[in-house]
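S.K.: In our numbering, the protein residues as written are 24 to 276.
Ideal Cβ positions, reconstructed from N, Cα and C, are used throughout, including at glycine.
I'd like to ask you about the structure that follows.
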């Protein structure tokens with residue numbers, strides 16, 4: 024028979040070893056230890072906290088994919104109050120967007136304009152000379168153009184953040200994980216079918232990744248409150264889409 028003192032030593036040593044290998048005999052390691060505490064909140068409180076944090080941000084970088092009206096867009100935008108700047112890709116074409124106040128500018132190569140017949144590409148009308156005028160220039164998109172609203176949505180911090188919090192269904196706390204090295208907790212809607220937001224557990228509870236419902240894209244947010252320059256292009260690099268290309272002041276006619 025093993026002496027009582029020795030038995031206690033063996034058990035204690037075994038528990039210590041298990042603690043190293045299996046997070047301890049006394050229970051699992053607390054996944055929220057050393058965090059901002061958001062992971063301990065009820066799902067609706069997590070949503071409220073991360074929404075408030077996002078809405079308080081002065082600037083952010085948003086990158087990833089969005090599926091809209093059957094089209095897949097890849098974007099990498101820097102956004103702040105008053106506009107945004109970055110790139111959007113779709114269907115093999117990539118273009119730059121810049122919005123300063125209410126002024127929206129689009130910059131792309133000639134192939135982009137030759138391949139588009141409506142909206143912001145419509146002024147080219149498939150004609151090489153018009154596309155050549157537009158290539159590499161900042162095209163100022165008139166606010167009355169059908170493309171203005173859609174394209175400006177990619178450069179609007181409030182619009183994109185509002186879309187970021189579309190969670191359809193009952194909210195529940197999901198798994199703990201990491202996004203770009205930062206600890207997170209997932210907030211799911213309808214078991215993830217209605218969307219998932221991964222919330223930072225370190226520092227401010229910013230949303231760091233959003234997986235849209237129905238597999239309609241995934242976006243990552245970073246560089247919160249990192250300011251960047253936002254100014255209109257030099258006049259010599261701007262083409263007035265309505266006046267100089269269509270000749271009528273009404274794009275697409």
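Determine, using beta carbons only, whether residue 106 and residue 242 come nearer to each other than 8 Å.
M.R.: no
S.K.: On a Cα-Cα basis, can you pick out the residue from 126, 135, 127 that is closest to residue 117?
M.R.: 135
S.K.: Among the residues of its own chain, which have a CB less than 6 Å from the CB of residue 142, if the five just before and after it don't count?
M.R.: Residue confidence for residue 142 is low, a pLDDT of 48 falling below 50, so the modelled location carries little weight; the figure read from the coordinates is stated next. Closer than 6 Å at Cβ, skipping near neighbours: 169, 170.
S.K.: For the alpha helix (DSSP H) containing residue 72, list its first residue and its last residue.
M.R.: 66 to 79
S.K.: Go through its chain and collect everything with a Cβ distance to residue 207's Cβ below 8 Å, but skip five positions before and after it.
M.R.: Hits under 8 Å: 199, 200, 201, 221, 222, 223, 224, 231, 232.
S.K.: Answer with buried or exposed for residue 128, where buried requires no fewer than 16 other C-beta atoms within 10 angstroms of its C-beta.
M.R.: buried
S.K.: Return the first residue and the last residue of the alpha helix (DSSP H) that residue 173 is part of.
M.R.: 169 to 176
S.K.: Do residue 180 and residue 103 have their CB atoms nearer than 8 Å?
M.R.: Going by C-beta atoms, residue 180 is nearer than 8 Å to residue 103.
S.K.: Can you tell me which residues form a DSSP beta bridge with residue 87?
M.R.: The secondary-structure analysis by DSSP pairs residue 87 across a beta bridge with 98, 242.
S.K.: What does DSSP give as the partner residue(s) for residue 194 in the beta ladder?
M.R.: 212
S.K.: If distances are taken between C-alpha atoms only, which option among 114, 227, 257, 79 comes closest to residue 95?
M.R.: 114
S.K.: What is the DSSP secondary structure of residue 229, reduced to helix, strand or coil?
M.R.: For residue 229, the secondary structure class from DSSP, reduced to helix, strand or coil, is coil.
S.K.: Thinking residue 70 and residue 210 are a contact (beta carbons under 8 Å), I'd like their distance in whole angstroms, please.
M.R.: The C-beta separation of residue 70 from residue 210 comes to about 6 Å, placing the pair in contact by the 8 Å criterion.
S.K.: Cα-Cα, which of 164, 235, 216 is closest to residue 124?
M.R.: It is 164 whose Cα lies nearest to the Cα of residue 124.
S.K.: So, helix, strand or coil for residue 137, using DSSP?
M.R.: helix
S.K.: Using a 10 Å radius around the Cβ and a threshold of 16 neighbouring Cβ atoms, would you call residue 137 buried or exposed?
M.R.: buried
S.K.: Would you call the CB atoms of residue 216 and residue 236 closer than 8 Å?
M.R.: yes
S.K.: If we call anything under 8 Å between Cβ atoms a contact, is residue 65 one with residue 229?
M.R.: Contact check for residue 65 against residue 229 fails: the beta carbons are separated by 8 Å or more.
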